[in-house]
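Here's the structure, in C-alpha cells; my notes come after.
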Amino acid sequence: MKQLSLFFFTALLITSCGTSSKSNSSSVHKNEAKVEDPKKYASSITAEELKEMLYKYASDEFEGRETGEKGQKMAVEYLKAQYQALGIPTPLGNDDYFQEVPLEKQSIAEAKISINGTDFKSFEDHMVLRASGSTNVSTKEIIYVGYGIHSENYSDYKDLDVKGKIVLAKAGEPKDADGNYVTTGSKEDTKWSNGRQSLSSKRDAAIENGAKGLILLDTNMFTRYAPYYQRQAESGASGRLSLKSNEDEMMMLMITENLAKALYPSILEDDKAKTLTTDLSIEIENKSEQITSENVVAYIKGSTKPDEIVVISAHLDHEGIKNGEVYNGADDDGSGTVAILEIAEAFKIAEKSGHGPKRSILFLHVTGEEKGLLGSRHYTDNDPIFPLENTVADLNIDMIGRTDPNRKEGDRNYVYLIGSDKLSTDLHNISEEVNKKYCNVELDYTYNDDNDPNRFYYRSDHYNFAKNNIPVIFYFNGTHDDYHRPSDTPDKIEYDLLENRTRLVFHTAWEIANRANKPVVDKATE
0 MKQLSLFFFT ALLITSCGTS SKSNSSSVHK NEAKVEDPKK YASSITAEEL KEMLYKYASD
60 EFEGRETGEK GQKMAVEYLK AQYQALGIPT PLGNDDYFQE VPLEKQSIAE AKISINGTDF
120 KSFEDHMVLR ASGSTNVSTK EIIYVGYGIH SENYSDYKDL DVKGKIVLAK AGEPKDADGN
180 YVTTGSKEDT KWSNGRQSLS SKRDAAIENG AKGLILLDTN MFTRYAPYYQ RQAESGASGR
240 LSLKSNEDEM MMLMITENLA KALYPSILED DKAKTLTTDL SIEIENKSEQ ITSENVVAYI
300 KGSTKPDEIV VISAHLDHEG IKNGEVYNGA DDDGSGTVAI LEIAEAFKIA EKSGHGPKRS
360 ILFLHVTGEE KGLLGSRHYT DNDPIFPLEN TVADLNIDMI GRTDPNRKEG DRNYVYLIGS
420 DKLSTDLHNI SEEVNKKYCN VELDYTYNDD NDPNRFYYRS DHYNFAKNNI PVIFYFNGTH
480 DDYHRPSDTP DKIEYDLLEN RTRLVFHTAW EIANRANKPV VDKATE
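Just so you know, we're using numbering that gives the first Met the number 0 here: the sequence shown kicks off at 0 and counts up by one.
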C-alpha cells in the first residue's frame, strides 16, 4: 500500500466508485447534521494497490493458505504487518492481532456398540460423525424424536425434556395431506429434507434442546459415506478439521436400518416422540489431533459510539496444495482479504484527518472458512471479542474480483448481494441508497432468493452472524470455471471491478458507522 501522506495530494481528483459513479439524491443521513463527505477517503481504494497486494497474497509463496499449515501462518503474519504499517491497532492489546482458533484434525473414530447384548459393527451398522475425545456411554433410556426437527412451525421436541440424554431421529421430514413439507407448506426441499444441510440442522436442533448425543438413521447418507470413512480409518489418515468447542461436543452417530430397528422396531412407521427403554452401550476411541489456527483482528475505535461494532469480514484461508499444485485462491478469498485492507486504510485516513467513524469498526479476517466456516463460528459461538448484542452489522466479502460467466444479462459492473433484507429492511435500504448516491454498481439479488438451490446464504462467514440475529450483507461475484481450482490466480482478477466493489463496501460501512441509528432488526433468523 502506498504511504498515507501521498493520499491528500490526489484525494479530490478521483471519483468515488470508478468511472461508473454518478451523483444521486437519497435519504442517506436524512435529517442529520452535515457530515464529512466519504468520497475522498474512498478514493484511496485503488485497483493498483489491490493488485499489488493480491499478487503477493495469492502467490505460490503462500502455498494456498490451507488452514493450520505453513502458508496460512505466512498469510496471518502478512496481514498483521499490513495493519502495523497502517497504524491500526488490535482490540486484543499487546500487539496481538491473532485470535487463536482451537481446531481438531479429525481421525476417523471407531465405536463399539452393543444393544441388549448384541454387538454391531463399525462401518457396517454405524459410524461416528463427531465425539469429544474418547467416550464411554451406557444408558437404558433413549428419547425417540421422530425426524429430529425443531423449527418455528413444527417441532419434534415439543414438550420433551432431552437435556443430558441421547436422542434417536430419522432422515427426512414429514409432509401434510397435500404433499407439502409441514415446516414450510411447500413442496420444495428445505434444510431438513436431506443431505449435509439436513444433517447439520438436526444436529443443531439436538444441541439447542440440550441433548448429549444424537443417533441418526439415514440410510442414503450412510451408504454414501461409510466406505470412505472405513478407508480413512484403515489408512490412519487425518480427515477434516473441526472447531474444538469450549465445551464437550455432542456425540453424533449415523446408523443403518438394522441397528435402528434394534433400538426401536417401529422407527420407520412411527413419527411420534417417545421414551425407549433399552440397554445401550457405546465405546468410542478418538485419535484426533489438536491444532491451532488464527483469525486476524484489527479495529478503529469509534469516536462517539465506541461500544457499537460494525464488522467487516473475509476469510483468509484457501485450499492449500493438492497433487503438487498450489491453489492460490486469488478470488476466493484473496479478493475479499485485500479489499478489507484497503477499506481499513480508508477509515484510517479519515481518522487521521479528524473524521474517524462514530461506531467502532472491526476488521475480521477469519480462518477455516473452507473447512466449514470455523473461524467465524469460533468468533460468534465461542469467543466474541466484542459482545454480539453490541454488533450492529456484518459486511462479509467473499469473492468480488471476477464475473459470473453464467450471468447473461445486466451490467458488467455488478455484484451479487445476499442477505441484506433477511433480518433488517433498514440495512437493505441503507445499502441501496448508499449505492445510488456513491457507486451505481448493479446490485443483483439472484442468489438472495430463499429457494436458491446453491444456498449461498448459508455458505460463507456472514451466516454465523446472521444466525445470531445480526444483520448481514454478503458481497459475491458468483462462481466461475476457476473456483476451487489451481487456476484461480491473480492475473484473472478484473481489478477495476474489484476497486468499485471495495469502494461500495467502504461507503456502506461508513454510512452504518456514522448514522444516528443502527440498522433495525425487524425479522428473525430461522
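Glycine included, each C-beta is placed from N, C-alpha and C at the ideal position. All values derive from a computational prediction rather than experimental measurement.
Which one of SER192, TYR153, GLY353 has the shortest CA to CA distance from GLU172? As a first step, residue 172 is located in the sequence shown; it is residue number 173 there, counting from the start. The option with the nearest alpha carbon to GLU172 is SER192.
In chain order, which continuous runs of the beta strand (DSSP E) of length 3 or greater are located wholly inside the segment 300–387? 304–314, 319–321, 324–326, 358–365
Exposed or buried, PRO526, counting other C-beta atoms within 10 Å across all chains shown (16 or more means buried)? It is not possible to answer for residue 526, since the shown part of the chain is limited to 0 through 525.
Kindly identify the DSSP beta-bridge partner or partners of HIS149. In the sequence shown, residue 149 corresponds to position 150, counting from 1. Answer is SER154, bridged to HIS149.
Can you find the residues in the same chain that come closer than 6 Å, C-beta to C-beta, to SER137, ignoring five residues on each side of it along the sequence? Taking the sequence shown and counting its residues from 1, one reaches residue 137 at position 138. Cβ within range, chain order: SER280.
Which residue from THR507, HIS149, GLY163 puts its Cα closest to that of LYS157? Taking the sequence shown and counting its residues from 1, one reaches residue 157 at position 158. It is HIS149 whose Cα lies nearest to the Cα of LYS157.
Could you check how far apart the C-beta atoms of LEU442 and VAL414 are, in whole angstroms? I think they sit under 8 Å. By one-based count along the sequence shown, residue 442 stands at place 443. By one-based count along the sequence shown, residue 414 stands at place 415. Indeed they touch by this definition, with Cβ atoms about 7 Å apart.
What did DSSP end up calling PRO88 once you bin it into helix, strand or coil? As a working mapping, residue 88 is identified with position 89 in the sequence shown. The answer is coil: DSSP assigns PRO88 none of H, G, I, E or B.
What residue range is occupied by the uninterrupted beta strand (DSSP E) comprising PHE221? Residue mapping note: residue 221 aligns to position 222 of the sequence shown, counting from 1. No beta strand (DSSP E) contains PHE221, which is instead part of the alpha helix (DSSP H) from 218–234.
Any idea what DSSP makes of VAL161, helix, strand or coil? Position 162 of the sequence shown holds residue 161. The answer is coil: DSSP assigns VAL161 none of H, G, I, E or B.
Beta carbon of ASN115 nearer than 8 Å to that of THR277: On the sequence shown, residue 115 is found 116 positions in, with the first residue counted as 1. On the sequence shown, residue 277 is found 278 positions in, with the first residue counted as 1. Cβ distance < 8 Å, so ASN115 and THR277 count as in contact.
By the 10 Å Cβ neighbour count, where 16 or more other Cβ atoms means buried, how is ALA392 classified, buried or exposed? Translated into positions along the sequence shown, residue 392 becomes position 393. ALA392 should be labelled buried.
Among the residues of its own chain, which have a CB less than 7 Å from the CB of LYS260, if the five just before and after it don't count? Numbered from its first residue, the sequence shown carries residue 260 at position 261. Same-chain partners within the cutoff: ILE266.
If contact is defined by three or more beta carbon pairs under 8 Å, each pair taking one atom from either stretch, is the segment 392–406 in contact with the segment 475–483? yes
Could you say which of LEU315, LYS466, LYS72 lies nearest to THR379 if we only look at CA atoms? Along the sequence shown, read from residue 1 onward, the residue named residue 379 stands at position 380. Ranking LEU315, LYS466, LYS72 by Cα distance to THR379 puts LYS466 first.
Closest by CA to TYR457, which one among VAL325, LEU372, MET249, MET253? For the purposes of this step, residue 457 is taken as the residue at position 458 of the sequence shown. It is LEU372 whose Cα lies nearest to the Cα of TYR457.
If you follow the alpha helix (DSSP H) that HIS506 is part of, which residue opens it and which one closes it? By one-based count along the sequence shown, residue 506 stands at place 507. Here the alpha helix (DSSP H) through HIS506 covers 494–513.
Would you mind listing the beta strand (DSSP E) stretches within the segment 254–280 that are 3+ residues and don't spill past its ends, in chain order? none
Alpha-carbon to alpha-carbon, ALA313 and THR336: Counting from 1 along the sequence shown, the entry for residue 336 is found at position 337. Counting from 1 along the sequence shown, the entry for residue 313 is found at position 314. Going from the Cα of THR336 to the Cα of ALA313 covers about 6 Å.
Return helix, strand or coil for THR134, following the three-state DSSP convention. For the purposes of this step, residue 134 is taken as the residue at position 135 of the sequence shown. Strand at THR134.
Who does GLU109 pair with in a DSSP beta bridge? Taking the first residue of the sequence shown as 1, we reach residue 109 at position 110. Partner(s): GLU284.
How would you label GLY374, buried or exposed, when you count the other beta carbons within 10 angstroms and need 16 or more for buried? As a first step, residue 374 is located in the sequence shown; it is residue number 375 there, counting from the start. Under this definition GLY374 is a buried residue.
Minimum Cβ-Cβ distance from ASN322 to chain C less than 8 Å: No chain C appears in the structure shown, which is made up of a single protein chain.
6 Å CB neighbourhood of ILE290 in its chain, flanking five on each side removed: Mapped onto the sequence shown, residue 290 falls at position 291. So the qualifying residues of the chain are GLY67, LEU102, LYS104.
Provide the residue(s) that pair with ASP393 in DSSP beta bridges, ordered along the chain. Position 394 of the sequence shown holds residue 393. For ASP393, which the question treats as bridged, DSSP gives the partners VAL310, VAL471.
Considering only residues of the same chain and omitting the five flanking positions on each side of ASN219, which have a CB-CB separation below 8 Å? As a position in the sequence shown, residue 219 is number 220, starting the count at 1. Cβ neighbours of ASN219 beyond the five flanking positions: ALA170, ASN193.
Which same chain residues, not among the five before or five after THR183, have their C-beta less than 8 Å away from its C-beta? The residue labelled residue 183 in the question sits at position 184 within the sequence shown. Only ASN152, THR189 meet the Cβ criterion.
Kindly indicate the opening and closing residues of the alpha helix (DSSP H) around ILE206. The count along the sequence shown starts at 1 and reaches residue 206 at position 207. Here the alpha helix (DSSP H) through ILE206 covers 194–207.
Distance check for THR390 and ALA210, CA to CA, integer angstroms please. Locating residue 210 in the sequence shown gives position 211, counting from the first residue. Locating residue 390 in the sequence shown gives position 391, counting from the first residue. Rounded to whole angstroms, ALA210 to THR390 spans 29 Å at the Cα level.
Helix, strand or coil at ILE429 according to DSSP, with G and I counted as helix: As a position in the sequence shown, residue 429 is number 430, starting the count at 1. The answer is helix: DSSP assigns ILE429 an H, G or I state.
Looking only at its own chain, which residues have a Cβ that is under 6 Å from the Cβ of GLU35, when we skip the five neighbours before and after it? The residue you call residue 35 lines up with position 36 of the sequence shown. Cβ within range, chain order: HIS354.
Cβ separation of LEU53 and ILE492, assumed to be a contact under 8 Å, to the nearest whole Å: Here the question's residue 53 lines up with position 54 in the sequence shown. Here the question's residue 492 lines up with position 493 in the sequence shown. Sure, about 6 Å apart at Cβ, within 8 Å.
Boundaries of the beta strand (DSSP E) in which HIS125 is found, first to last residue: Residue 125 sits at position 126 when you count from the first residue of the sequence shown. Note, HIS125: beta strand (DSSP E), 125–129.
What is the DSSP secondary structure of GLY171, counted as helix, strand or coil? Locating residue 171 in the sequence shown gives position 172, counting from the first residue. Correct three-state label for GLY171: coil.
Closest to ARG223 by CA distance: which of TYR146, ALA205, ARG195 is it? As a first step, residue 223 is located in the sequence shown; it is residue number 224 there, counting from the start. Ranking the options by Cα distance to ARG223, first place goes to ARG195.
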